[in-house]
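> Can you keep this structure in mind? I'll have questions shortly.
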Amino acid sequence: MPKFLHTADWQMGRAFSRFETEDGAALVEARFESIERIARLANEHRCDAILVAGDVFDAQTVADRTIRRVFNATKEFTGPWVMLPGNHDAALAESVWTRAKRLGAVPGNVHLALEPGTVNLEPQGLAILCAPLTQRNTYIDLTESLNTWETAEGLVRVGLAHGSVQGLLPDEIDSANPISPNRAETARLDYLALGDWHGTRQIDERTWYSGTPEPERFRNNDAGYALIVNVPGRGEPPDITAVETARYQWHQWREILAVESDLDQLLERLQALPEPSVVDLRLEGSVTLAGEEKLINALSVAEARFRSIRCDRSGLQLEPTDDDIAALKADGYVGEVIEDLRARQQDDNAEAARDALAILAGLLKDRKQEVSE
Amino acid sequence: MKLRRLQVEQLRQFRQPFVIDDLQPGLNLIHGPNESGKSTLVRAIRAAFFERYRTSSVDDLRPWGDSAAAPTITLDFEARQKSWHLVKSFLQRKRCDLTVDSTSYSEDEAEEKLSELLGFQFSAKGVSKPEHWGVPGLLWVEQGTGQNIEQAVEHAGDHLKSALNSLVGEVASTGGDELVEQVRARWNELFTPTGKPRGDYQKLEKERQEHQQQIDELQARVQKYQEQVDRLGKLTQDYQRTQRERPWEEAERQLEQARERYRQVEKLEQLQAQEKETLTHLQSSQQLLRQNQEQLESLNTKLDVRKAELNRSQRDLEQAEAQSPSIASSVQQAKAAYESAARQVHQARLGETRSRLERDLRRLDQQNQALTANVKKARQYQQEVEHAREQTRQNQIDAHAVKALKETEHHLKEASIRSQAIATRLTWQLEPGAELALDNEALEGQGEKQLLEEARLVVPGIGKLGITPGGEDLASTRRKLFTLEQNFSEQLQKLGVDSTQQAERRLTAYEAAERALQHTRELLKSVAPMGLDQLLVEQKETQSQLLNAKTELHDSPAPEPGRQHQAVDVGSAEAARTRAETRLAEAEAEERKHQTELLTRRQTRDNAEAEWRQLQDEVQNPERQKQLQSLSKELAQIQQKQTRLEATVQAREQEIKHAHPAILKQDIERYQRSISNLRQSQEERQRELRDIQVRLEAWGAEGLEEQLSNKTAELEQCSRRYQELHRRAQALDLLLNLLTEKRQALTRRLQAPLQKHLDHYVSLLFPQATLEVDEHLRPGTFTRGTELGKIAELSFGAREQMGLISRLAYADLLREAGRPTLVILDDTLVHSDTDRLDDMKRILFDAANRHQILLFTCHPENWSDLGVPPRDIQAMKEQVPRPLQKTYR
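Line by line, the protein sequences are chains A and B.
Reminder that position 140 of the first sequence reads as 140 in the UniProt record's numbering, one-by-one numbering, no gaps.
Reminder that position 384 of the second sequence reads as 384 in the UniProt record's numbering, one-by-one numbering, no gaps.
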């Protein structure tokens, strides 16, 4: 009754360019932690093995340090690991794997499936049929040969592959490295562990994408899980449990502010998010000067709370109310300028007009404060 | 504002109170010489307003040396429909009192009232400076500063603007300019004055580029790395496959086969070469034999040739011989022609000689006849000469003597006539037979005698009569006559004649003989110039020549009869002979040539004959016949052998050709090369594999892609920051532009009223000219016709005029806005010419309708036509009414 943990797409060595340096570093760190977490979870769930379905590394030439750290992070689980090269870390003539070997970084319990073939884990009752990528991209189904591989009687047949299941995933997914949707059946597999799709996704009863253990993009696709797969016996349907592995939740919100309450609602939702969040906001519509001030204050607070928050307000118009303008005490030609800028927010160069209005309002407000002082 | 009265006291040279009152609402002309106090009065007015009463910085107001003085100024004026009375004292008594209608103000309060009324500021410390003067600074012009208007306008700026605001009804935005400056300051943080990015904005852009460059480099290296990895993969595959397949072994086997085949072919080739050599030998001996045969056979041909040659030479000889008679006859003919020509020449010469002799004969004959005639004539002439000479000799007489004789006779006649005239005439008529004797001379018949001397007449018979002629000259005449008579007779004697007539006859005969002699001599000379003897000699000679010629002619052969008529001249005869000679020479040469030819041909024929004969003997030799037969046999044998050999050689040649020895050789080379190539490329693969492995290990250790990923992150961060700044820059740029634009639009609206007043004055001064007001309300661009420029570029005089009309325009503007205006001009327009000054006077007069103008000058004569009475400071000093001074204290 073998039980194993299925994970994939660690993408180690990736930098997070869209964040500030400090935040990016924290997110990278979180990915190392997620490996440790996986090892712990495997122990907790008494797994016999951990299968990593490709893209352990984000690139072939990651730093030596990254390589060592990845393998170091596996040390808590002392059972067998089977790591499969994916499209980012394909088993080329010279690859991150050959380097890892040269560095002597690969522990004895980690099997690197650098060539197509079966990794027999007899003590665990598992035969892992590996279809590694030996080129960066292929356009033939590498799992085809799994159909013909024979395994010892009594061993649970588990396929391990990396690529796109044909016809099921959205078209935008790279159609390289195709995998037949009924491979589990044709290859008589008890389970087919797949990698490449970063969200957790079931293809059929026996075929799953585990997804990446730590989200690294905003696209909301159920990332941040590992799968505990329990195969009761040869030929029997597997029992799959998704366990959470992510440290950070990634949220991307596109909001249109029409009335004042929209802003309040948005701020409440923001307030409700847990602290280890990565937030990306894009606001459109319009906001009053007072609203803008409130928004900026809220963002300032959020910046301190969350791992990262970014807010794109270039589509958000500033609509000073008459009260706003009265409060700014802008008379004469300055008043004309404000009117002009309000009108210009409808033009092509709306962003500049919006920013200009904000700057002007800021200056006028400062002056007002000076005067009142 | 109208100033009515001004009083100063203890102020500079006005130690005593000095008053100007009754100031007019319009123009006031106040004059006085230098040092009379004009400028002091102006200074006093300024001090009354601008200087703080409590200031200690107005020592210049103090009269010289009077430390106890309290300079005091009292002003009465009307403004805002109220009556103002201001008394201000400095230094020793610091006070300021102001009464407006009935309300009194003092000290600071009073001063604030004044500054508010006129629009100026007080100096916080020390003496008041131009920047404090505000509106009065613009309207009160100090001596020599009329042209400097820009500063003054700037200092009065806020007041002018507020005046304009109140006129236009616009709000110039509270602190708008300050706001503009703030925006500009922020803009300046991002941009250079020319609008180029600066500071972080610029740095980020550069950094972005640097990052991008590093990324590009890294990407290139990553790509290189990946290419190397691919290369490594392919190489490994190739190497392993090659190592498995060992393709060079197959090549080695093929090489061995090719070598074996080649060895066989080589053997064949050797054999072939041997047989070919034999064949060559055969061919050469065959050739030799054939040559012999040919040689032998060729003798017949040669014989034929020689026979033909012999025949031809024989023919040639005969031809030549046939030509011989004709050539000989032509020589003969030429000879005959030549001889006849020679004869012709001889005959011609002969004829010529005879005709010459005949001509000589004729000539000599004539000559002889002429000479004979001449001799005859000469003989005759000779006789005549002799005769003439005889005649001459006979009648020889001296022509001069004859002439002298004639003269003497003449003189004698004259003398005798004269003597007869004076002589006593004795006439007588005697009876026949009667005789008288006079001095022994018997007188008979009748006669007459002149008596010059005493004479005695004997009358026979009677006695003697003495006659003595009287008269004085008688004696001398008688003497002279006597002398003459003596001379005459001597001469006659000498000449041997009896009378003059005889002498003359003889002379005539002599002269005729002389002439005859001359004539005959000439004649003789004409026939015998060298004398008769010579002539005779000549005659003799001629005669002998004649004789000779005759003999010669006689001796010369007579011309052939019948030929005479040809009359061929020697020249043409000789030419003909020369021609004949040439022809003869030619004919002879031809003959010689022919003879040579003949000889040559004969020789040739003989040679040809000999050769032919020799060869014929040879040909007919029986030994040769035998030789020929044996040769034919030998040849046939060789031919047979050769044919056999050729067949084998050709067959073998085919064999060799089919074996392609060259290709076989190439195959061997190819296989050898292939083997070496295969081994080498495998070795190279191995080497490259090692190299790439090493290289990739090194590069891999650098973590290129991770670096790239990090670098990309840095670039994105940099770009984000840049974008933020860029957005801010765009926004600031837009904001600044808008603010500036709006502000300018406002300024333009504000400028309009001022421009209106300015235009009014400019048109008076310079028709067709314009003066634009700039955004700071300063007079800016000046245009006149095609001229265009700034005020500052005009001449001093024009600048001063412009300054003044600008100030008047400001005054109009202020007045329109309900502000008090007072114009004070201290000795202004001194640099204007008369015409301009006239225009300026019109302008001032016009302005005085609206403003009170105080015009101080030291040149009252310049302003006499201003239409106001001048006021003399000097005169006023005299009339200071003392009591009044107390009234205003």
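No residue lacks a Cβ here, since even glycine has one placed at the ideal position from N, Cα and C.
Computed from a prediction, not measured in an experiment: that's the story for all the values here.
1) Evaluate the contact criterion for the stretch 772–788 of chain B versus the stretch 823–842 of chain B: three or more CB pairs, one atom per stretch, below 8 Å.
2) Return helix, strand or coil for residue 874 (chain B), following the three-state DSSP convention.
3) Listed in chain order, which residues of the stretch 4–22 of chain A have Cβ atoms closer than 7 Å to some Cβ of chain B?
4) Specify the secondary structure class of residue 77 (chain A) as computed by DSSP and reduced to three states.
5) Could you give the DSSP three-state label for residue 168 (chain A): helix, strand or coil?
6) Between A:63, A:104, A:269 and A:31, which has its C-alpha nearest residue 699 (chain B)'s C-alpha?
7) Could you spell out where the beta strand (DSSP E) holding residue 233 (chain B) opens and where it closes?
8) Using beta carbons (cut-off 8 Å, strictly below), is residue 699 (chain B) in contact with chain A?
9) Quick check on the DSSP output: the alpha helix (DSSP H) that includes residue 501 (chain B) runs from which residue to which?
10) Any contact of the stretch 304–316 of chain A with the stretch 276–294 of chain A, i.e. 3+ C-beta pairs under 8 Å?
11) Is residue 419 (chain B) closer than 8 Å to residue 478 (chain B) when the C-beta atoms are compared?
12) Using DSSP with H/G/I as helix, E/B as strand and the rest coil, what is residue 671 (chain B)?
13) If you compare alpha carbons, which of A:252, A:224 and A:287 is closest to residue 261 (chain A)?
14) How about residue 7 (chain B) and residue 63 (chain B): do their beta carbons lie closer than 8 Å?
15) In or out: residue 259 (chain A) buried (at least 16 other Cβ within 10 Å) or exposed?
16) Closest to residue 140 (chain A) by C-alpha separation, out of A:166, A:264 and A:243, would be which residue?
17) Could you tell me whether any Cβ in chain B is nearer than 8 Å to the Cβ of residue 64 (chain A)?
18) Are the stretch 32–48 of chain B and the stretch 132–146 of chain B in contact at 8 Å, needing three or more beta carbon pairs?
19) Who pairs with residue 202 (chain A) in a beta bridge, going by DSSP?
20) Can a CB atom of chain A be found closer than 8 Å to the CB of residue 176 (chain B)?
21) Tell whether a beta-carbon distance below 8 Å holds between residue 5 (chain A) and residue 50 (chain A).
22) Would you identify the three-state DSSP class for residue 88 (chain A), choosing helix, strand or coil?
23) With 16 other CB atoms within 10 Å as the buried threshold, where does residue 551 (chain B) fall?
24) Does residue 140 (chain A) come out as helix, strand or coil in the three-state DSSP assignment?
25) Within 10 angstroms of its Cβ, does residue 271 (chain A) collect 16 or more other Cβ (buried), or is it exposed?
26) Closest by CA to residue 192 (chain A), which one among A:209, A:218 and A:199?
27) I believe residue 727 (chain B) touches residue 351 (chain A) by the beta-carbon criterion, under 8 Å. Please report the beta-carbon distance rounded to the nearest angstrom.
28) Give the range of the alpha helix (DSSP H) segment to which residue 134 (chain B) is assigned.
29) Taking the alpha-carbon of residue 429 (chain B) as reference, which of B:769, B:538, B:449 and B:378 has the nearest alpha-carbon?
30) Using a Cβ-Cβ cut-off of less than 9 Å, give me the residues of the stretch 704–715 of chain B that come near chain A, in sequence order.
31) Determine, for residue 236 (chain B), whether the minimum Cβ-Cβ distance to residues of chain A falls below 8 Å.
32) Under three-state DSSP, which class holds residue 90 (chain B)?
33) Using a Cβ distance threshold of 8 Å, determine whether the stretch 646–662 of chain B contacts the stretch 265–273 of chain B, with at least three qualifying pairs required.
34) Suppose only complete runs of 4+ residues qualify. What are the alpha helix (DSSP H) ranges in the stretch 595–672 of chain B, listed by chain order?
35) According to DSSP, residue 311 (chain A) sits in a beta bridge with which residue or residues?
36) Would you say residue 164 (chain B) lies against chain A (beta-carbon separation less than 8 Å)?
According to the structure data:
1) no
2) As a first step, residue 874 (chain B) is located in the second sequence; it is residue number 874 there, counting from the start. Looking at residue 874 (chain B) - three-state DSSP - the assignment turns out to be helix.
3) 13, 14, 15, 16, 17, 18, 20 and 21
4) By 1-based counting over the first sequence, the position of residue 77 (chain A) is 77. Coil.
5) In the first sequence, the residue the question calls residue 168 (chain A) occupies position 168. Correct three-state label for residue 168 (chain A): coil.
6) Counting from one through the second sequence, the residue named residue 699 (chain B) turns up at place 699. Nearest of A:63, A:104, A:269 and A:31 to residue 699 (chain B), Cα basis: A:63.
7) Taking the first residue of the second sequence as position 1, residue 233 (chain B) is located at position 233. Taken as a continuous stretch (DSSP letters only), residue 233 (chain B) belongs to no beta strand (DSSP E), being part of the alpha helix (DSSP H) at 199–245.
8) Stepping through the second sequence from its first residue, residue 699 (chain B) is reached at position 699. So yes, residue 699 (chain B) belongs to the interface.
9) As a first step, residue 501 (chain B) must be located in the second sequence, where it is residue number 501. Its alpha helix (DSSP H) spans residues 500–527.
10) yes
11) In the second sequence, the residue the question calls residue 478 (chain B) occupies position 478. In the second sequence, the residue the question calls residue 419 (chain B) occupies position 419. Contact flag set, yes.
12) For the purposes of this step, residue 671 (chain B) is identified with residue 671 of the second sequence, where counting begins at 1. DSSP places residue 671 (chain B) in helix when its eight states are reduced to three.
13) What you label residue 261 (chain A) is simply residue 261 of the first sequence in a count that begins at 1. Of the candidates A:252, A:224 and A:287, the one whose C-alpha sits nearest the C-alpha of residue 261 (chain A) is A:287.
14) Position 7 of the second sequence, counted from the first residue, corresponds to residue 7 (chain B). Position 63 of the second sequence, counted from the first residue, corresponds to residue 63 (chain B). Cβ atoms of residue 7 (chain B) and residue 63 (chain B): not closer than 8 Å.
15) Position 259 of the first sequence holds residue 259 (chain A). Residue 259 (chain A) comes out exposed.
16) The residue labelled residue 140 (chain A) in the question sits at position 140 within the first sequence. Closest by alpha carbon: A:166.
17) Within the first sequence, residue 64 (chain A) is the residue found at index 64, counting from 1. Chain B places a beta carbon closer than 8 Å to that of residue 64 (chain A), counting this residue as a contact.
18) yes
19) Taking the first residue of the first sequence as 1, we reach residue 202 (chain A) at position 202. A:208.
20) Reading the second sequence from its first residue, position 176 is the one you call residue 176 (chain B). Residue 176 (chain B) counts as touching chain A.
21) Counted from its first residue, the first sequence places residue 5 (chain A) at position 5. Counted from its first residue, the first sequence places residue 50 (chain A) at position 50. Yes. Within cutoff.
22) Counting from one through the first sequence, the residue named residue 88 (chain A) turns up at place 88. Note: residue 88 (chain A) maps to coil in three-state DSSP.
23) Within the second sequence, the letter at position 551 stands for residue 551 (chain B). Counting Cβ neighbours within 10 Å, residue 551 (chain B) comes out exposed, since fewer than 16 surround it.
24) For the purposes of this step, residue 140 (chain A) is identified with residue 140 of the first sequence, where counting begins at 1. Note: residue 140 (chain A) maps to coil in three-state DSSP.
25) As a working note, residue 271 (chain A) is residue 271 in the first sequence. Label assigned to residue 271 (chain A): exposed.
26) In the first sequence, counting from the first residue as 1, residue 192 (chain A) sits at position 192. Ranking A:209, A:218 and A:199 by Cα distance to residue 192 (chain A) puts A:209 first.
27) Numbered from its first residue, the second sequence carries residue 727 (chain B) at position 727. Numbered from its first residue, the first sequence carries residue 351 (chain A) at position 351. With 8 Å as the limit, residue 727 (chain B) and residue 351 (chain A) qualify as a contact, their Cβ atoms being about 6 Å apart.
28) As a working mapping, residue 134 (chain B) is identified with position 134 in the second sequence. Residues 134–139.
29) Within the second sequence, numbered from 1, the residue matching residue 429 (chain B) stands at position 429. Residue 429 (chain B) has its Cα closest to that of B:449, out of B:769, B:538, B:449 and B:378.
30) With the criterion set as a beta carbon lying under 9 Å from some beta carbon of chain A, the members of the stretch 704–715 of chain B are 704, 705, 706, 707, 708, 709, 710, 711, 712, 713, 714 and 715, in sequence order.
31) In the second sequence, residue 236 (chain B) corresponds to position 236, counting from 1. At least one chain A Cβ lies under 8 Å of residue 236 (chain B).
32) Residue 90 (chain B) sits at position 90 when you count from the first residue of the second sequence. DSSP, reduced to helix, strand and coil, places residue 90 (chain B) outside both helices and strands of the structure shown, so it counts as coil.
33) yes
34) 622–659
35) On the first sequence, residue 311 (chain A) is found 311 positions in, with the first residue counted as 1. Answer is A:281.
36) Working through the second sequence from its first residue, we reach residue 164 (chain B) at position 164. Cβ-Cβ to chain A under 8 Å: no for residue 164 (chain B).
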